[in-house]
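Convert by adding 31 to the 1-based position in the sequence shown; the result is the number in this note's numbering. By construction, the Cβ of each residue, glycine as well, lies at the ideal position given by its N, Cα and C atoms.
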Amino acid sequence: MGEKKSLWHFVLLGLALLGLLDSGYLTFEHYQPVSSVVCLGGIWSDCGRVLRSSYATILGVPLAVLGFVYYSVLVSAGIGLVFGKNKSLNKYLFIILTGVGFVFSLYFVYLQLVVIGKMCIYCMASGFISSFLFLLSLLIFEKERKILFLKLTHFMYLFVVRRILFLFKSDSVHEGMVSFCQFIGRVGLGGVLGFFLKYEDIGLCQKIKGVDFINPIGLAAGFDYEGKLTRVLTDVGFGFQTVGTVTNMAYEGNPPPRLGRLPKSRSLLVNKGFKSSGVGSVIEKLAKTRSVGVFGVSVGRSNSAKLKTQKQSISDIVTSFKKLEKAKLDFLYYELNISCPNLIYGGNITFYVPEKLDELLSAVGRLNLTRPVFVKMPITESDRDTLAMVKVIRKHNIAGVVIGNLWKDRKSVVFDRGEIEKAGLGNFSGLPTQERSNELIELVYKNYGKKLVVIGCGGVFNAKDAYEKIRRGASLVQMVTGLVYEGPQLAAEINAGLVDLLEKDGFTKITEAVGSIVSFQKKEKA
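Right under this line is the structure:
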């Protein structure tokens, strides 16, 4: 593979030299008092007319001279690629410069064919060489291409798109973005996004409980309630997603507003209360969709006044599992969400008490589900109570835990006081969850890391945030809030960053980094 890349470097250098010769000849001809250029191409060609038209200069500088300078820089970059050590810089130079050259080439072709009405074969050749160099650069320098587009997308989102979106209500923006992304997947534009944004590296791949994950970054439950995005998320860099939370009985959601932003606190106010069209409806929609990539389904208790007892609630959850298990769908895992804090009709029903959690997991266990189950945990409980719950989980056929759900304490120092005082009903995602989520990930991994898979969730805005959860024991990492504040390229951006962080710490695979902080602490104590 390295030899092939080196060969392509020579090809780029050769084309740049050809462009330099062409632009050098045009520069020479531009300064001749009488044009002596031999212009091939028949009645459509008139190099003299093109070279001496009013469009042949920009601010008094001949385009031929600009072209000569342009190709001179490309030749220098090409020499750097072939013989130099800092190849990465030269790769970026090639993509950026030829990208600019491609745009100008299109413009100059338009001027010749439409405005001037004549073409110069040498000018056309220069445009062709520049365009070909750009296309080759995009194909050859895949990593650099994607990093550039990730940074460009991030910049555009932060300074343009986000400012516009934040002018509208959170609920409306959320629904609109889901519909827009669904449209992209439906019309097959996901592949185009993937070409520019999807970042892959073999070191990020894992096989967990029989499921192949191409990278550790997933979309958490709570964003795609109905499974509308299973055709597009892989193309923007996600390794997996969780659909839902899905409930047996339909629920339109708590009274609006169900979402709110706390930008200074890097948080979202969430008060959806398991909004769901019902498991039957979700199954119908998923059955009509050709999904791409790994996805699972989150199951929770219906937010309904009909469920008055613990037994009825367990039966309700079991019914959802039965319907999903019976359906012929291609999802690969389940989440069992026992920790939604926004159920209006929750009453005194809880699964945090070990005995009641045991009743639920026993009932689920009797179904002999064919896919692994991960239990989504609260982050509001004490270390002792959390370990008591995990001890129960460990007794059953459960693959792992997701840590964790929303934050309740409004007195947290993370919050901007002005924002939190205006916040309505609901609980909080994002930065307020980060510290406690990380603490519990490490706690559970230290006690059950060899027996349960830990999935981290909460306060992930960049690669360092995700890596911190991984080093504390998370094999996979989920997010939602980070997308709102950082943009749709975030998953791919995190994957690119993780590769660099792994290399910096001397790891070749993501699995080597999982729990590395905890393992180090154990050695210290030993």
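Under 9 Å, do residue i and residue j count as touching if we go by C-beta distance?
i: Phe125; j: Gly115; result: no
i: Tyr179; j: Ala522; result: Per the sequence shown, residue 179 should be read as Leu rather than Tyr. Cβ atoms of Leu179 and Ala522: not closer than 9 Å.
i: Thr512; j: Leu299; result: yes
i: Arg503; j: Glu473; result: yes
i: Val267; j: Leu317; result: no
i: Ile369; j: Gly331; result: yes
i: Gly130; j: Ser168; result: yes
i: Gly480; j: Asn469; result: no
i: Val423; j: Asp389; result: yes
i: Tyr282; j: Phe305; result: yes
i: Phe271; j: Leu507; result: yes
i: Ser393; j: Leu367; result: no
i: Ala544; j: Lys407; result: no
i: Ser308; j: Thr276; result: no
i: Leu164; j: Gly284; result: no
i: Val146; j: Tyr86; result: yes
i: Phe405; j: Gly461; result: no
i: Ile245; j: Val325; result: yes
i: Gly546; j: Val192; result: no
i: Val218; j: Gly258; result: no
For residue i and residue j, I'd like the C-alpha separation in whole angstroms.
i: Asn137; j: Glu499; result: The residue asked about is misnamed: residue 137 is Leu in this sequence, not Asn. Going by the C-alpha atoms only, they are around 46 Å apart.
i: Arg176; j: Phe227; result: 7 Å
i: Glu315; j: Lys118; result: 51 Å
i: Thr381; j: Tyr364; result: 24 Å
i: Tyr572; j: Ser351; result: Limits of the chain in this structure are 32 at one end and 557 at the other, which puts residue 572 out of reach.
i: Glu356; j: Pro287; result: 33 Å
i: Val263; j: Gln213; result: 7 Å
i: Pro403; j: Phe159; result: 54 Å
i: Ser157; j: Val42; result: 16 Å
i: His40; j: Ser103; result: 16 Å
i: Ala430; j: Leu235; result: 20 Å
i: Asp232; j: Phe133; result: 29 Å
i: Ser162; j: Lys319; result: 41 Å
i: Ser296; j: Leu189; result: 16 Å
i: Leu533; j: Phe186; result: 25 Å
i: Asp536; j: Ala497; result: 15 Å
i: Val549; j: Pro247; result: 19 Å
i: Val209; j: Leu128; result: 35 Å
i: Gly449; j: Lys238; result: 45 Å
i: Gly98; j: Leu90; result: 14 Å
i: Pro294; j: Val323; result: 33 Å
i: Val106; j: Ala47; result: 5 Å
i: Phe19; j: Asp531; result: Past the boundaries of the shown model lies residue 19; the chain is included only from 32 to 557, so the question cannot be answered.
i: Val96; j: Gln143; result: 18 Å
i: Glu452; j: Met420; result: 33 Å
i: Leu9; j: Tyr101; result: Lying outside 32 to 557, the shown extent of the chain, residue 9 is not represented and no answer is given.
i: Leu260; j: Ala454; result: 29 Å
What does a CB cutoff of less than 7 Å around residue i pick up in its chain, not counting 5 residues either side in sequence?
i: Leu456; result: Asn302
i: Lys387; result: Gln341 and Thr381
i: Gly221; result: Ile215, Arg262, Val263 and Asp266
i: Thr88; result: Leu94
i: Tyr230; result: Lys177, Gly268, Ala523, Asn526 and Ala527
i: Ser443; result: Pro463
i: Leu38; result: none
Which residues in the same chain have their Cβ closer than 6 Å to the Cβ of residue i, if we skip the five residues on either side of it in sequence?
i: Arg80; result: Lys149
i: Ser16; result: In this structure the chain extends from 32 to 557, so residue 16 is not present and cannot be described.
i: Leu391; result: Ile345 and Phe382
i: Leu44; result: Gly109 and Val113
i: Lys540; result: Gly234
i: Tyr123; result: Glu175
i: His427; result: Leu392 and Gly396
i: Lys240; result: Pro403 and Ala430
Excluding the 5 residues preceding and the 5 following residue i in the sequence, name in chain order all residues of the same chain whose CB lies nearer than 8 Å to its CB.
i: Leu398; result: Val349, Phe352, Lys353 and Glu356
i: Lys439; result: Pro372, Thr411, Asn458 and Phe459
i: Asn121; result: Ala108, Gly109, Gly111, Leu112 and Gly115
i: Glu34; result: Any reading at Glu34 must be qualified, since the residue scores a pLDDT of 48, below 50, and its modelled position is unreliable; the value itself is stated next. No residues qualify anywhere along the chain.
i: Thr542; result: Gln237 and Ser506
Since residue i and residue j are thought to touch, with beta carbons under 8 Å apart, how far apart are those beta carbons, to the nearest angstrom?
i: Gly489; j: Gln465; result: 6 Å
i: Pro385; j: Asn436; result: With 8 Å as the limit, Pro385 and Asn436 do not qualify as a contact, their Cβ atoms being about 18 Å apart.
i: Gly378; j: Lys339; result: 7 Å
i: Gln509; j: Thr273; result: 7 Å
i: Arg292; j: Phe197; result: 7 Å
i: Ile20; j: Ser201; result: Any question about residue 20 goes unanswered here, given that the chain covers just 32 to 557.
i: Thr401; j: Leu471; result: Incorrect: roughly 29 Å between the Cβ atoms, too far for contact.
i: Val485; j: Val432; result: 6 Å
i: Ile434; j: Val491; result: So it is not a contact: roughly 12 Å between Cβ atoms.
With a threshold of 9 Å between beta carbons, is residue i in contact with chain C?
i: Ser468; result: Here there is only one protein chain, and chain C is not present.
Could you tell me whether the stretch 182–191 touches the stretch 48–58, where touching means 3 or more Cβ pairs closer than 8 Å?
no
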